[in-house]
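Engineer: Final position of the sequence shown in our numbering is 348; the numbers increase by one with none missing.
Just so you know, even glycine gets a beta-carbon here, dropped at the ideal spot from N, CA and C.
Next up is a structure, given as C-alpha cells.
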Amino acid sequence: MRLAYREEGEGDPVLLIHGFASSSYVNWVSPGWFQTLTEAGYRVIAIDDRGHGQSAKSHDSADYTPSLMAGDAAALLDHLGIEKAHVMGYSMGARIAAFMALEHPHRVRSLVFGGLGIGMVDGAGDWDPIHDALLTDDPATITHPRGLMFRKFADQTKSDRLALAACVITSKETLSADAIRRITQPTLVAVGTKDDIGGNPHDLAALLPHGQSLDIPGRDHMLAVGDKVFKRAVLEFLSENPI
Numbered sequence: 106m107r108l109a110y111r112e113e114g115e116g117d118p119v120l121l122i123h124g125f126a127s128s129s130y131v132n133w134v135s136p137g138w139f140q141t142l143t144e145a146g147y148r149v150i151a152i153d154d155r156g157h158g159q160s161a162k163s164h165d166s167a168d169y170t171p172s173l174m175a176g177d178a179a180a181l182l183d184h185l186g187i188e189k190a191h192v193m194g195y196s197m198g199a200r201i202a203a204f205m206a207l208e209h210p211h212r213v214r215s216l217v218f219g220g221l222g223i224g225m226v227d228g229a230g231d232w233d234p235i236h237d238a239l240l241t242d243d244p245a246t247i248t249h250p251r252g253l254m255f256r257k258f259a260d261q262t263k264s265d266r267l268a269l270a271a272c273v274i275t276s277k278e279t280l281s282a283d284a285i286r287r288i289t290q291p292t293l294v295a296v297g298t299k300d301d302i303g304g305n306p307h308d309l310a311a312l313l314p315h316g317q318s319l320d321i322p323g324r325d326h327m328l329a330v331g332d333k334v335f336k337r338a339v340l341e342f343l344s345e346n347p348i
C-alpha cells in the first residue's frame, strides 16, 4: 500500500500512530503534539494508517490487522533510515504500537499507550454498532450513541466510510495477558478518567514489566489526546528514557 506520513524537527525520533477514523493531522498536529514534541527537541514522525488520512484505502477487512499496520510503521522507519524510535499510539494506534513492540522489538525504544488500557486485553466494547453506523445511508437513523459518535467523527474528517467499516472489527484484535508481559520496553499507559472505551490504565500497566500509568483527569476518549497533563507526562517519560 502507498502510505502517507509527515515529519518535523530534529533529535531523537518519536513515531506517532493515530487512532481509528482519525489521521496524523487530526490526532497529532491539530491537538498540538507536533509543536510540543519538536519544541522539546524531538524529531516527530506521524503515519497515516492504511485506510485513513492520505494513505491508500482498501475495503477488504483482511488488510487491517494490527500486525499488518505495525509492519507499516516499521517499514516507515526503514524508509526514513531510523533504527529505533520512541513509539506513541492513541486508541487503535496504541494497539498497533503494542504489536510493533512484540513483532519488531528492536525498533522500539519506549512506548506510550494513550486512550487504551486493559481494553487491549479484555476488548474495548462492542464495535459492531460502529461498523453498522459507518455503513448506514442516513445518519439520522443511528440510535447507538457510540455508533453515532464515530459516524459523526468519520463524516467530520471526510473519511472513506467503507474503508473504516472494513477496518473497525479486524483492527480490534486483542492481546493476551502473557503477550503484554512480553513487552519489555518502558511503557506509559494514559487514559482519560471519563473514557468509557479504553479500559483501566493501571490494570494494563500492572501487566507490563516496565509499565507506569496515568489518569488524564476529566477527559473522555475524544478529548484526552490533547490534554496538557498528558503532554507533560509524556515529555517527562521520554526524557527519562533517552535513545
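Do F204 and L309 count as a contact pair if the criterion is CB distance below 9 angstroms?
Structural biologist: Here residue 309 is taken as the residue at index 204 of the sequence shown, counted from 1. Here residue 204 is taken as the residue at index 99 of the sequence shown, counted from 1. In this structure, F204 does not lie closer than 9 angstroms to L309 by Cβ.
Engineer: Quick one: Cα of H191 to Cα of D183, how far?
Structural biologist: Mapped onto the sequence shown, residue 191 falls at position 86. Mapped onto the sequence shown, residue 183 falls at position 78. The alpha-carbon atoms of H191 and D183 are separated by roughly 14 angstroms.
Engineer: So G178 and I122 are supposed to be a Cβ contact under 8 angstroms. How far apart are they, rounded?
Structural biologist: Translated into the one-based positions of the sequence shown, residue 178 becomes position 73. Translated into the one-based positions of the sequence shown, residue 122 becomes position 17. Before going further, note that residue 178 is Ala rather than Gly in the sequence given. So it is a contact: roughly 6 angstroms between Cβ atoms.
Engineer: Quick one: using the 10 Å Cβ neighbour count with 16 as the cut-off for buried, is E112 buried or exposed?
Structural biologist: The sequence position of residue 112 within the sequence shown is 7, counting from 1. Under this definition E112 is a buried residue.
Engineer: Answer yes or no: do P302 and S166 have a C-beta to C-beta separation smaller than 9 angstroms?
Structural biologist: Indexing the sequence shown from 1 puts residue 302 at position 197. Indexing the sequence shown from 1 puts residue 166 at position 61. First, the amino acid is wrong: residue 302 is Ile here, not Pro. No, the pair does not count as a contact, with Cβ atoms beyond the cut-off.
Engineer: What are the start and end residues of each continuous alpha helix (DSSP H) run of 4 or more residues lying completely inside the stretch 170-232, in chain order?
Structural biologist: Counting whole runs of 4 or more residues, the stretch 170-232 contains the alpha helix (DSSP H) stretches 171-185, 197-208 and 224-227.
Engineer: Report yes if the CB atom of K299 is closer than 9 angstroms to the CB atom of G228, and no otherwise.
Structural biologist: Residue numbering aside, residue 299 sits at position 194 when the sequence shown is read from its first letter. Residue numbering aside, residue 228 sits at position 123 when the sequence shown is read from its first letter. No.
Engineer: Enumerated in chain order, which unbroken segments of the alpha helix (DSSP H) with a length of 4 residues or greater are wholly contained in the stretch 303-335?
Structural biologist: Taking only runs of at least 4 residues, the alpha helix (DSSP H) segments lying wholly in the stretch 303-335 are 306-312.
Engineer: Put R111 into one of helix, strand or coil per three-state DSSP.
Structural biologist: Locating residue 111 in the sequence shown gives position 6, counting from the first residue. DSSP places R111 in strand when its eight states are reduced to three.
Engineer: Among residues of its own chain, excluding the 5 on either side of K291, which ones have a beta-carbon nearer than 6 angstroms to its beta-carbon?
Structural biologist: Here the question's residue 291 lines up with position 186 in the sequence shown. Looking at the sequence provided, one finds Pro at residue 291 rather than Lys. Excluding sequence neighbours, P291 sits near S215, H315 and N346.
Engineer: For my contact list, V294 and G222 are in at a C-beta cut-off of 8 angstroms; report their separation, rounded to the angstrom.
Structural biologist: Here the question's residue 294 lines up with position 189 in the sequence shown. Here the question's residue 222 lines up with position 117 in the sequence shown. Indeed, because the Cβ distance is near 6 angstroms, the residues count as touching under 8 angstroms.
Engineer: For chain B, find out if any of its Cβ atoms is closer than 9 angstroms to the Cβ of L185; answer yes or no.
Structural biologist: In summary, chain B is missing from the structure at hand, where a single protein chain is found.
Engineer: When we look at the beta-carbon of K336 and count the other beta-carbons within 10 Å, is it buried (16 or more) or exposed?
Structural biologist: As a first step, residue 336 is located in the sequence shown; it is residue number 231 there, counting from the start. Buried, because 16 or more other Cβ atoms sit within 10 Å of the Cβ of K336.
Engineer: Out of curiosity, what's the CA-to-CA distance linking D265 and L185?
Structural biologist: Numbered from its first residue, the sequence shown carries residue 265 at position 160. Numbered from its first residue, the sequence shown carries residue 185 at position 80. When rounded, the distance between both Cα atoms is 27 angstroms.
Engineer: With distances taken Cα to Cα, identify the nearest neighbour of L267 among M106, G114 and A126.
Structural biologist: The residue labelled residue 267 in the question sits at position 162 within the sequence shown. Closest by alpha carbon: A126.
Engineer: Thinking C-beta only, is A284 closer than 9 angstroms to L207?
Structural biologist: On the sequence shown, residue 207 is found 102 positions in, with the first residue counted as 1. On the sequence shown, residue 284 is found 179 positions in, with the first residue counted as 1. Yes, they are a contact pair.
Engineer: Please report how far the alpha carbon of L340 lies from the alpha carbon of Q261, in whole angstroms.
Structural biologist: The residue you call residue 340 lines up with position 235 of the sequence shown. The residue you call residue 261 lines up with position 156 of the sequence shown. If you take the alpha carbons of L340 and Q261, they lie about 30 angstroms apart.
Engineer: With distances taken from CA atoms, which of A145, L120 and V149 is nearest S344?
Structural biologist: Counted from its first residue, the sequence shown places residue 344 at position 239. Nearest option by C-alpha distance: A145.
Engineer: Comparing alpha-carbon positions, which option in R155, A311, V149 and L239 lies nearest M193?
Structural biologist: The residue given as residue 193 occupies position 88 in the sequence shown. The option with the nearest alpha carbon to M193 is V149.
Engineer: Does DSSP put A151 in a helix, a strand or coil?
Structural biologist: Taking the sequence shown and counting its residues from 1, the one referred to as residue 151 is at position 46. Here A151 sits in strand by DSSP.
Engineer: Are G323 and G137 closer than 9 angstroms when you measure CB to CB?
Structural biologist: Here residue 323 is taken as the residue at index 218 of the sequence shown, counted from 1. Here residue 137 is taken as the residue at index 32 of the sequence shown, counted from 1. No; because the gap between Cβ atoms is not below 9 angstroms, this pair is not in contact.
Engineer: Can the beta-carbon of A180 be found closer than 9 angstroms to that of A202?
Structural biologist: Reading the sequence shown from its first residue, position 75 is the one you call residue 180. Reading the sequence shown from its first residue, position 97 is the one you call residue 202. No, Cβ-Cβ distance for A180 and A202 is not below 9 angstroms.
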